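Peer 1:
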Amino acid sequence: MSSVYSVASGEPPAKRKRLVQTTEPLTAHERHSRLWAIRESYRRGTRPPTPQSKHELDILKERHQFVRSSDVDPSTLSWEDQLAAKYYDSLFKEFAIVNLKHYKTGAVALRWRTEDELLAGIGHLTCASLRCRFHAPSSSLLSEVEASGGIDPDSTAPLVETRLEETEMNFGYVEGGERKSTLVKVVLCGECARRLRYGRERAREMREGKALVPTGGGGRDDEGPSRRRTSGEGERRRGSRRDGEYSGDCRGHEGRRREEDDDDFAPVLPPDLEH
Numbered sequence: 001m002s003s004v005y006s007v008a009s010g011e012p013p014a015k016r017k018r019l020v021q022t023t024e025p026l027t028a029h030e031r032h033s034r035l036w037a038i039r040e041s042y043r044r045g046t047r048p049p050t051p052q053s054k055h056e057l058d059i060l061k062e063r064h065q066f067v068r069s070s071d072v073d074p075s076t077l078s079w080e081d082q083l084a085a086k087y088y089d090s091l092f093k094e095f096a097i098v099n100l101k102h103y104k105t106g107a108v109a110l111r112w113r114t115e116d117e118l119l120a121g122i123g124h125l126t127c128a129s130l131r132c133r134f135h136a137p138s139s140s141l142l143s144e145v146e147a148s149g150g151i152d153p154d155s156t157a158p159l160v161e162t163r164l165e166e167t168e169m170n171f172g173y174v175e176g177g178e179r180k181s182t183l184v185k186v187v188l189c190g191e192c193a194r195r196l197r198y199g200r201e202r203a204r205e206m207r208e209g210k211a212l213v214p215t216g217g218g219g220r221d222d223e224g225p226s227r228r229r230t231s232g233e234g235e236r237r238r239g240s241r242r243d244g245e246y247s248g249d250c251r252g253h254e255g256r257r258r259e260e261d262d263d264d265f266a267p268v269l270p271p272d273l274e275h
């Protein structure tokens, strides 16, 4: 959204009255007036006028709700909330995408999947962790699936060469100063599932004021029943494979350990999800 300011008034740019607000592109005169006002503000040592407009992404971030109530009448909402609700309705909420970057502090970030991720099988036929090497489909398995007619969103046969676990967890978060919780299902590989259990165990021990002693299994599994998936189940049988086989990963054990050690000084609050 563009703004036109009065230049002939002689007032500082910060106090000039905004005359027009429009979504149309600037004319040559409006562009010249705005550039002249910016030039004068720099010459006088003052800050240039900042437009009061917002992008749709800014509105979505401000009005974002992880779970929106379906009982609210959309006609009673402001146009900003209607925009956020429309984007929320376009997401797929059967499974979530998870960020385990700061799992050692118990901070976990979740978001719902987009249509492109659903059609690509990401998050339910692959590991839902954004930083996992099994997050993207395996190129060899993907070529086999595309040759047989494409990815079936209703399939349960993994597109990665490792075991996957479907876990239902109670996700607690703070939104608008209010504590909320909801049940969320995620599909993770064995390594990421252990990280999730360790992080939740760590957060529980920190709340109770106890010292956490890591166990071989990575802590108690309190996320609910888990169901394992292998690359051989489903209607597409691809033969036997060793668990954990992945030809595209060039990092060794030390490289992955170094990546985990970088998160020792992670913040307590969960970060924003990367996309």
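FYI, full-length UniProt numbering numbers position 206 of the sequence shown as 206, with every residue one higher than the one before it.
Here a beta-carbon is modelled for each residue, glycine too, at the ideal position from N, C-alpha and C.
Quick caveat: nothing in here was measured; it's all calculated off a predicted structure.
With a cut-off of 8 Å, do at least 3 Cβ pairs link the stretch 147 to 154 to the stretch 166 to 173?
Peer 2: no
Peer 1: Quick check on the DSSP output: the alpha helix (DSSP H) that includes GLY199 runs from which residue to which?
Peer 2: As a working mapping, residue 199 is identified with position 199 in the sequence shown. Where GLY199 is concerned, the enclosing alpha helix (DSSP H) stretches over 190 to 208.
Peer 1: Look at the Cβ atom of GLU56, then the Cβ atom of LEU83, and state whether they are nearer than 8 Å.
Peer 2: In the sequence shown, residue 56 corresponds to position 56, counting from 1. In the sequence shown, residue 83 corresponds to position 83, counting from 1. In this structure, LEU83 lies closer than 8 Å to GLU56 by Cβ.
Peer 1: Name the two residues that bound the continuous beta strand (DSSP E) containing VAL174.
Peer 2: The residue labelled residue 174 in the question sits at position 174 within the sequence shown. VAL174 -> beta strand (DSSP E) spans 164 to 175.
Peer 1: Could you pull the DSSP bridge partners for ILE97 from this structure?
Peer 2: Position 97 of the sequence shown, counted from the start, is the residue given in the question as residue 97. For ILE97, which the question treats as bridged, DSSP gives the partners ARG111.
Peer 1: With the cut-off set at 8 Å, would you say GLU115 and LEU141 are in Cβ contact?
Peer 2: Looking up residue 115 in the sequence shown gives position 115. Looking up residue 141 in the sequence shown gives position 141. It is not a contact, given that the beta carbons lie outside the stated cut-off.
Peer 1: What do you get for SER181, buried or exposed, if any count of 16 or more other CB atoms within 10 angstroms of its CB means buried?
Peer 2: If you number the sequence shown from 1, residue 181 lands on position 181. Exposed, because fewer than 16 other Cβ atoms sit within 10 Å of the Cβ of SER181.
Peer 1: To the nearest angstrom, how far is the alpha carbon of ALA157 from that of PRO25?
Peer 2: By 1-based counting over the sequence shown, the position of residue 157 is 157. By 1-based counting over the sequence shown, the position of residue 25 is 25. Whole-angstrom Cα-Cα distance: 50 Å.
Peer 1: According to DSSP, simplified to helix, strand and coil, what is residue 277?
Peer 2: Nothing can be reported for residue 277: it is not among the residues displayed for the chain, which extend from 1 to 275.
Peer 1: Do you know offhand how far LEU91's Cα is from SER33's?
Peer 2: Taking the sequence shown and counting its residues from 1, one reaches residue 91 at position 91. Taking the sequence shown and counting its residues from 1, one reaches residue 33 at position 33. Taking the straight line joining both Cα atoms gives about 43 Å.
Peer 1: From what residue to what residue does the alpha helix (DSSP H) around ARG31 run?
Peer 2: Here residue 31 corresponds to residue number 31 of the sequence shown, with the count starting at 1. If you look at ARG31, you'll find it in the alpha helix (DSSP H) that goes 28 to 43.
Peer 1: Just reading off the alpha helix (DSSP H) that LYS86 is part of, what are its end residues?
Peer 2: As a first step, residue 86 must be located in the sequence shown, where it is residue number 86. Counting along the chain, the unbroken alpha helix (DSSP H) around LYS86 starts and ends at 79 to 89.
Peer 1: Could you name the residues that DSSP lists as bridge partners for SER181?
Peer 2: Numbered from 1 along the sequence shown, position 181 holds the residue referred to as residue 181. Looking at the DSSP output, SER181 sits in a beta bridge with GLY172.
Peer 1: For VAL145, which residues in the same chain have their Cβ closer than 6 Å to its Cβ, ignoring the five residues on either side in sequence?
Peer 2: Your numbering for residue 145 matches position 145 in the sequence shown. Once the five neighbours on either side are set aside, the close Cβ partners of VAL145 are ILE151.
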